[in-house]
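**Student:**
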Amino acid sequence: MHQLTLAEIARSLADKQFSAEELTRGLLARIAQLDPQINSFITVTEEQAIAQAKAADERRAAGENGALLGAPIGHKDLFCTQGIRTSCGSKMLDNFTAPYDATVVEKLAAAGTVTLGKLNMDEFAMGSANESSHYGPVKNPWDLDRVPGGSSGGSAAAIAARLLPAATGTDTGGSIRQPAALTNLTGLKPTYGRVSRWGMVAYASSLDQAGPMARTAEDCALLLSAMAGFDAKDSTSVEQPLDDYLAALTQPLAGLRIGLPKEYFGEGLDPKIADAVMAVVEELKKLGATVKDISLPNMQHAIPSYYVIAPAEASSNLSRFDGVRFGYRCENPADLMDLYKRSRAEGFGDEVKRRIMVGTYALSAGYYDAYYIKAQQIRRLIKNDFVSAFEKVDVILGPTTPNLAWKLGEKNADPVSAYLEDIYTITANLAGIPGLSMPAGFIDGLPVGVQVLAPYFQEARLLNVAHQYQQVTNWHQRTPAGF
1 MHQLTLAEIA
11 RSLADKQFSA
21 EELTRGLLAR
31 IAQLDPQINS
41 FITVTEEQAI
51 AQAKAADERR
61 AAGENGALLG
71 APIGHKDLFC
81 TQGIRTSCGS
91 KMLDNFTAPY
101 DATVVEKLAA
111 AGTVTLGKLN
121 MDEFAMGSAN
131 ESSHYGPVKN
141 PWDLDRVPGG
151 SSGGSAAAIA
161 ARLLPAATGT
171 DTGGSIRQPA
181 ALTNLTGLKP
191 TYGRVSRWGM
201 VAYASSLDQA
211 GPMARTAEDC
221 ALLLSAMAGF
231 DAKDSTSVEQ
241 PLDDYLAALT
251 QPLAGLRIGL
261 PKEYFGEGLD
271 PKIADAVMAV
281 VEELKKLGAT
291 VKDISLPNMQ
301 HAIPSYYVIA
311 PAEASSNLSR
321 FDGVRFGYRC
331 ENPADLMDLY
341 KRSRAEGFGD
351 EVKRRIMVGT
361 YALSAGYYDA
371 YYIKAQQIRR
381 LIKNDFVSAF
391 EKVDVILGPT
401 TPNLAWKLGE
411 KNADPVSAYL
421 EDIYTITANL
431 AGIPGLSMPA
441 GFIDGLPVGV
451 QVLAPYFQEA
461 RLLNVAHQYQ
471 QVTNWHQRTP
481 AGF
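Okay, here's the thing in structure tokens:
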């Protein structure tokens, strides 16, 4: 059962080949047996999962037949889940139990999903390797000596290891797409505002977006259909009609115009990954797509722009964690200032402190105009590049990451080298457009991902491209040895 995709599970449950409870108990046993190798879970919610599975079976017995009814998933541990620890991978929130469900959690629960637990992540979603978690690094099932990517590395590793078929993730600068690429998954970052951020602990509010992670585009379409939609509780939610993501999967690709930005294929890209990208292009051409060379001239400014804006917003968002209302509090503070200082110094890890300090500096008097305002101006130029490009092409295609998964600890002494792994993904967050990473082959036994970008609210087109590609390839069906 653990090898089934989400869509296959839905069909099997509908055909009564097994019950949701049988499936849930089987996966819980698998998590207990295998997760110590990869450390993908922070909290396993065994009792709740079994209760939800039994409830799903009862609903099916009563005649319901929703696609996600009884489907097991996990949530990245920054989605608030009522009565369950929501830690954000941090010592700061190790003792925080959420008093309510995030909208994403609520919507998926209403669809009948079974939550197996909360998944490991980089602390407060800050990282590209899932090494900054207070609960220890997550390991890549394809090579246990390598990172799974981040910050949604726990979600990625758990799906790749077949501990569950799908999970939620969040993407601030590539945190769904990059780990999906490094673990042979399909991961979708929707348009900013397409999925509610309410109840999702914020890192950078103008960049964060929740999305689905699974093995196939079909599975991501199933999840997005339940997750997406307007939410009055979220001021950044967009009131835009939903597409029929499942119906869009089967549309032919004849006439699809694919743009290849010259900036994606320059210095820093592993030549073998470039070859893999071009192999995908050839497959898509066989399916009827045409290819056009394009340019995104301001992409070179993406990294410096992102690493001013994101830390600035993080500095503001994380100021609430001060040892007073919730979260970690230092012992025996001498006074209020000592409480603030020691609670934050002891509760936050090194990467979070680094970004808070960068962001506070960028927002400080005398530097705000020189750094933050300038970064926002560059952000607009990057958005304009995409608007211009999408007048000529329907989608933009390129590598998801410049390199394969690296060794655990390899980049710890040089944070900037890890930041550069986000070079192809962060522009989608700066512009707010949707992006998807899909499996595109293997190099030396390690997965390669290819990224596809589309205009605003065209998630259906991304899922369509990925699904059609997955009908003529089998990369997404491969399983890591031992799992």
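Read in the UniProt record's numbering, the sequence shown has 39 at position 39, and its numbers run on one by one without any break.
Built from N, CA and C at the ideal position, the CB exists for glycine as well.
How would you label residue 78, buried or exposed, when you count the other beta carbons within 10 angstroms and need 16 or more for buried?
**Tutor:** Using a 10 angstroms sphere on the CB of residue 78, the tally of other CB atoms reaches 16 or more, which defines it as buried.
**Student:** Using three-state DSSP, classify residue 298 as helix, strand or coil.
**Tutor:** helix
**Student:** Determine the direct distance from the alpha carbon of residue 225 to that of residue 288, and round the result to whole angstroms.
**Tutor:** A straight-line Cα-Cα distance of about 27 Å links residue 288 and residue 225.
**Student:** Within its chain, find whatever has a CB closer than 8 Å to the CB of residue 109; leave out the 5 residues flanking it on each side and keep chain order.
**Tutor:** 52, 101, 115
**Student:** Cutting at 6 Å between CB atoms, please list the residues of its own chain near residue 476, excluding the five before and the five after it.
**Tutor:** Closer than 6 Å at the Cβ level, and outside the excluded window around residue 476, lie 215, 216, 439, 470.
**Student:** Using the rule of at least 16 other Cβ atoms within 10 Å of the residue's Cβ for burial, across every protein chain shown, is residue 92 buried or exposed?
**Tutor:** buried
**Student:** Hey, quick one: how far does the beta strand (DSSP E) through residue 447 stretch, first residue to last?
**Tutor:** 446 to 453
**Student:** Quick one: give me the first and last residue of the alpha helix (DSSP H) that residue 373 is part of.
**Tutor:** First-last for residue 373: undefined, no H or E at that position.
**Student:** My output table needs one value for residue 304: the three-state DSSP class, helix, strand or coil.
**Tutor:** helix
**Student:** Measure from the alpha carbon of residue 490 to the alpha carbon of each residue in 179, 268, 197, then state which is nearest.
**Tutor:** Outside the displayed span of the chain (1 to 483) sits residue 490, for which this structure offers no information.
**Student:** Does the beta-carbon distance from residue 123 to residue 349 come in below 7 Å?
**Tutor:** yes
**Student:** Can you tell me which of the three DSSP states residue 476 falls into?
**Tutor:** If DSSP states are grouped into helix, strand and coil, residue 476 belongs with the helices.
**Student:** Here's the rule: buried if 16 or more other CB atoms are within 10 angstroms of the residue's CB, otherwise exposed. What is residue 373?
**Tutor:** It is exposed - the Cβ of residue 373 has fewer than 16 other Cβ atoms within 10 Å.
**Student:** Would you kindly check if the distance between the Cβ of residue 482 and the Cβ of residue 389 is under 7 Å?
**Tutor:** no
**Student:** Exposed or buried, residue 107, counting other C-beta atoms within 10 Å across all chains shown (16 or more means buried)?
**Tutor:** buried
**Student:** Going residue by residue through the segment 392 to 424, where are the continuous beta strand (DSSP E) segments of at least 3 residues, counting only ones entirely within it?
**Tutor:** Counting whole runs of 3 or more residues, the segment 392 to 424 contains the beta strand (DSSP E) stretches 395 to 399.
**Student:** Quick check on the DSSP output: the alpha helix (DSSP H) that includes residue 170 runs from which residue to which?
**Tutor:** Careful: residue 170 lies outside any alpha helix (DSSP H), inside the beta strand (DSSP E) at 166 to 170.
**Student:** Look at residue 378 and residue 305 and say whether their C-beta atoms are less than 7 Å apart.
**Tutor:** yes
**Student:** Report the partner residues of residue 43 according to the DSSP bridge assignment.
**Tutor:** Beta-bridge pairing links residue 43 to 118.
**Student:** Taking one C-beta from the segment 136 to 143 and one from the segment 273 to 287 each time, how about it: are there three or more such pairs within less than 8 Å?
**Tutor:** No, because fewer than three Cβ pairs between the segment 136 to 143 and the segment 273 to 287 fall closer than 8 Å, the two stretches do not touch.
**Student:** So, is residue 239 buried or exposed, given that buried needs 16 or more other C-beta atoms within 10 angstroms?
**Tutor:** exposed
**Student:** Less than 7 Å between the beta carbons of residue 119 and residue 154, yes or no?
**Tutor:** Remark: C-beta atoms of residue 119 and residue 154 approach each other more closely than 7 Å.
**Student:** In the DSSP assignment, find the unbroken beta strand (DSSP E) run with residue 529 in it and report its ends.
**Tutor:** The chain is shown from 1 up to 483; residue 529 falls before or after that span and cannot be answered.
**Student:** Could you give the DSSP three-state label for residue 143: helix, strand or coil?
**Tutor:** strand
**Student:** Is residue 353 helix, strand or coil when you go by DSSP?
**Tutor:** helix
**Student:** I'd like the span of the beta strand (DSSP E) that includes residue 467, first residue to last.
**Tutor:** For residue 467, there is no enclosing beta strand (DSSP E); the enclosing alpha helix (DSSP H) has its first and last residue at 459 to 471.
**Student:** Where in the segment 251 to 303 do unbroken runs of the alpha helix (DSSP H), each at least 4 residues long, occur, reported from the N-terminal end onward?
**Tutor:** 271 to 286
**Student:** When you compare only the Cα positions, how much space is there between residue 68 and residue 165?
**Tutor:** 12 Å
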